[in-house]
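Under my numbering, the first residue of the sequence shown is numbered 666, with each subsequent residue one higher.
To start, the structure under review is shown below, and the notes come after it.
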Amino acid sequence: MGAVIIGTGSCLPKRVLSNHDLEKMVETNDEWIRSRTGISTRRISGAGEETYRLATSAARKAMEMAQVTADEIDLIIVATMTSHMVMPSCACFVQKEIGANNAFAWDLNAACSGFLYSLDTAAKHVLVDQDKTILVIGAETLSSRTNWEDRNTCILFGDGAGAAVFRYEDNDRGVIGTQLFSDGSLWKLLYLHSSPSCNPEILQPDNPGPYMLMAGQEVFKHAVRAMEKAVKKLLEKENVSVDDISLMIPHQANIRILKKLMSRLGISQEKVFINVQKYGNTSAASIPIALDEANREGLLKKGDIVLLCSFGGGFTWGAGLLKW
Numbered sequence: 666m667g668a669v670i671i672g673t674g675s676c677l678p679k680r681v682l683s684n685h686d687l688e689k690m691v692e693t694n695d696e697w698i699r700s701r702t703g704i705s706t707r708r709i710s711g712a713g714e715e716t717y718r719l720a721t722s723a724a725r726k727a728m729e730m731a732q733v734t735a736d737e738i739d740l741i742i743v744a745t746m747t748s749h750m751v752m753p754s755c756a757c758f759v760q761k762e763i764g765a766n767n768a769f770a771w772d773l774n775a776a777c778s779g780f781l782y783s784l785d786t787a788a789k790h791v792l793v794d795q796d797k798t799i800l801v802i803g804a805e806t807l808s809s810r811t812n813w814e815d816r817n818t819c820i821l822f823g824d825g826a827g828a829a830v831f832r833y834e835d836n837d838r839g840v841i842g843t844q845l846f847s848d849g850s851l852w853k854l855l856y857l858h859s860s861p862s863c864n865p866e867i868l869q870p871d872n873p874g875p876y877m878l879m880a881g882q883e884v885f886k887h888a889v890r891a892m893e894k895a896v897k898k899l900l901e902k903e904n905v906s907v908d909d910i911s912l913m914i915p916h917q918a919n920i921r922i923l924k925k926l927m928s929r930l931g932i933s934q935e936k937v938f939i940n941v942q943k944y945g946n947t948s949a950a951s952i953p954i955a956l957d958e959a960n961r962e963g964l965l966k967k968g969d970i971v972l973l974c975s976f977g978g979g980f981t982w983g984a985g986l987l988k989w
């Protein structure tokens with residue numbers, strides 16, 4: 666297999682926004698939020714905690730664990746939809762901050778599936794060029810793209826970043842395989858407008874502002890079905906059974922989605938890493954933050970089969986298998 670994660674890292678903003686804090690902002694309450702989402706708190710960026718700064722901090726921790734220097738990094742991929750600038754990319758800012766002068770860098774936008782898409786890209790780069798060392802980061806400041814007057818969305822999202830360093834190893838460890846999908850025809854169920862166009866000829870008349878809009882119940886149904894099918898297709902393709910999985914690390918969107926998915930896959934909660942209660946939905950940062958926490962808590966042992974899965978706006982979704 667060859668494409669092995671040799672280090673992980675994560676970074677969360679300092680500010681904690683609780684459900685009780687949200688009670689003062691919109692018509693909601695702690696019990697209502699927890700019963701529907703499983704979320705109790707989320708992290709919200711403050712001054713000096715832009716997306717690229719969170720990404721940089723997570724990257725440095727992953728590089729420290731991997732014992733990799735900035736000069737050894739050949740490629741930086743940042744999965745994000747909330748870079749503080751459209752251009753240059755968040756990845757270019759990370760390259761500057763860590764001093765990775767030998768690397769080329771780009772952002773990848775696949776919403777909540779961004780880290781999975783980036784993992785797939787990194788694994789294929791490593792297999793083609795076995796000398797490459799690749800830094801993959803999922804980083805979001807969703808607080809910058811949330812309508813804080815919409816109680817249906819503002820309760821869900823948080824900020825953060827997670828990172829992983831990939832390198833080639835000539836053994837049976839690494840990325841076993843992935844299954845990735847998208848369906849642009851369903852975009853209106855979950856989307857985020859850009860800032861209004863400066864060209865009046867292509868100005869979108871129905872642009873309410875650069876924040877997320879979501880048809881929650883419809884997204885819920887699509888998310889569960891799509892991730893279930895992606896996981897089952899991947900397991901069948903790689904001849905891996907549910908019983909072979911040591912740990913599942915899903916996108917941390919909503920506890921009800923996760924429980925429904927566990928039930929459909931026949932996997933026990935003891936085998937599923939969940940931190941949605943602490944951080945909410947951090948989009949592309951969700952899986953790498955959870956991966957780093959699981960790694961640092963000693964939940965990942967050499968030879969473990971790890972299942973990743975995600976679903977996000979686009980729609981984008983997929984699953985990935987790793988041998989740790």
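By construction, the Cβ of each residue, glycine as well, lies at the ideal position given by its N, Cα and C atoms.
| Check | Outcome |
| --- | --- |
| Just checking my contact of G803 with G827 at CB under 8 angstroms: how many whole Å lie between their CB atoms? | 5 angstroms |
| Thinking just about the alpha-carbon of each residue, which of S700, A787, D824, H685 is nearest to the one in E715? | D824 |
| Buried or exposed: T734, going by 16 or more other Cβ atoms within 10 Å of its Cβ? | exposed |
| Tell me the rounded alpha-carbon separation between F758 and N767. | 14 angstroms |
| Look at the alpha carbon of S727 and the alpha carbon of N864, and state the distance between them as a whole number of angstroms. | The question names Ser, but residue 727 is Ala in the sequence shown. Roughly 42 angstroms separates the two Cα atoms. |
| Given this structure, state the Cα-to-Cα distance separating S821 from A724, to the nearest angstrom. | The amino acid occupying residue 821 in the given sequence is Leu; Ser does not appear at that position. Each residue's alpha carbon lies about 25 angstroms from the other. |
| Am I right that E893 and L845 are in contact with their C-beta atoms under 8 angstroms? What's the rounded C-beta distance? | E893 to L845, Cβ: 15 angstroms. No contact. |
| Relative to the C-alpha of L965, which residue among T673, E834, F769 is closest? | T673 |
| So, I741 versus S783, is the Cβ gap smaller than 7 angstroms? | no |
| Name the residue from Y717, Q732, V937, L773 whose alpha carbon lies nearest to the alpha carbon of H749. | Y717 |
| Span of the alpha helix (DSSP H) holding I920? | 920-930 |
| Considering only their Cβ atoms, is the gap separating V884 from Y833 smaller than 7 angstroms? | no |
| Please work out which residues of its chain come closer than 7 angstroms, Cβ to Cβ, to S659, disregarding the five sequence neighbours upstream and downstream, and give them in chain order. | In the structure as shown, the chain starts at 666 and stops at 989, and residue 659 therefore has no counterpart that could be examined. |
| So which of K797, G703, G983 has the shortest CA-CA distance to A895? | G983 |
| Excluding sequence positions up to five away, which residues of its chain have a Cβ less than 7 angstroms from the Cβ of A765? | A735, I738, I741 |
| When burial is assigned at 16 or more other CB atoms within 10 Å of the CB, is F769 buried or exposed? | exposed |
| Is the Cβ-Cβ distance between T806 and A949 less than 7 angstroms? | no |
| Of the choices R701, G945, D957, G978, whose alpha-carbon is the least far from that of S850? | G978 |
| Closer than 6 angstroms by C-beta to K898: which residues in its own chain qualify, once you throw out the five before and the five after it? Chain order, please. | Q844 |
| If you reduce the DSSP assignment to three classes, tell me which class M877 lands in. | strand |
| Are there any heavy atoms of the ligand GTP lying less than 6 angstroms away from the beta-carbon of A724, as far as the coordinates show? | In the structure shown, the ligand GTP is absent, as is every other ligand, since no ligand is present at all. |
| Name the DSSP beta bridge partners of M913, please? | V937, L972 |
| Does DSSP put W714 in a helix, a strand or coil? | Residue 714 is actually Glu in this sequence, not Trp. Of the three classes helix, strand and coil, the one that applies to E714 here is coil, per DSSP. |
| Tell me which same chain residues have a C-beta within less than 7 angstroms of the C-beta of R708, skipping the five on either side of it? | L677, P678, R680, V681, G823, D824, G825, Y944 |
| Would DSSP call R680 helix, strand or coil? | strand |
| Between A668 and V840, how many whole angstroms is the CB-CB distance? I'm expecting something under 8 angstroms. | 5 angstroms |
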